[in-house]
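With the working numbering applied, the sequence shown corresponds to residues 9 to 93, in that order. Note that CB positions come from ideal geometry on N, CA and C, so glycine has one too. Below you'll find the structure, written out as structure tokens, and then a few comments.
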Amino acid sequence: MKTLKYTTSNEEMQKIKDALKTNSMGIGFSILFDITIEKKDQHNSTLILTPNDPEKEINPIEFFAFGIIVGRDYLKKNIIIFGPK
Numbered sequence: 009m010k011t012l013k014y015t016t017s018n019e020e021m022q023k024i025k026d027a028l029k030t031n032s033m034g035i036g037f038s039i040l041f042d043i044t045i046e047k048k049d050q051h052n053s054t055l056i057l058t059p060n061d062p063e064k065e066i067n068p069i070e071f072f073a074f075g076i077i078v079g080r081d082y083l084k085k086n087i088i089i090f091g092p093k
């Protein structure tokens, strides 16, 4: 897979951008890939990952794992895990 595209809401895209700056796996992606974000409309954006090295390909399992981390640590920050106060 030479280029990977992922489209989501602008709100979730902001969380992904935060993860690319603050999570160790996201920082690694930022080093290995040219990352661009295209705004599709007022509600959605597309993340585009292109390897800096043309001989390398994106490992979909690594991107999937990054998605799990973003979902767990960045998208669900306001959920009460242990019940009401």
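> By DSSP, does Glu20 sit in helix, in strand, or in coil?
Replying inline: What you label residue 20 is simply residue 12 of the sequence shown in a count that begins at 1. Correct three-state label for Glu20: helix.
> With burial defined as no fewer than 16 other Cβ atoms inside 10 Å of the residue's Cβ, what is the status of Ala73: buried or exposed?
Replying inline: Locating residue 73 in the sequence shown gives position 65, counting from the first residue. Its Cβ having fewer than 16 others within 10 Å, Ala73 is exposed.
>> Report the start-end ranges of each alpha helix (DSSP H) in the segment 11 to 89 that is 4 residues or longer and not cut off at the edges.
In response: Within the segment 11 to 89, complete alpha helix (DSSP H) segments of at least 4 residues are found at 18 to 30, 32 to 40 and 68 to 78, given in chain order.
>> Please state whether the Cβ-Cβ distance between Phe41 and Pro59 is less than 7 Å.
In response: Sequence index remark: in the sequence shown, residue 41 carries index 33 (1-based). Sequence index remark: in the sequence shown, residue 59 carries index 51 (1-based). Contact: yes.
>> Taking the beta carbon of Ser17 as the centre, do at least 16 other beta carbons fall within 10 Å, making it buried, or is it exposed?
In response: Here residue 17 refers to the residue found at position 9 when the sequence shown is read from its first residue. So Ser17 ends up on the exposed side.
> Skipping 5 residues on each side, what residues in its chain have a beta carbon closer than 8 Å to that of Lys29?
Replying inline: Locating residue 29 in the sequence shown gives position 21, where the first residue counts as 1. For Lys29, where only same-chain residues beyond five positions count, the Cβ hits under 8 Å are Ile35 and Ser38.
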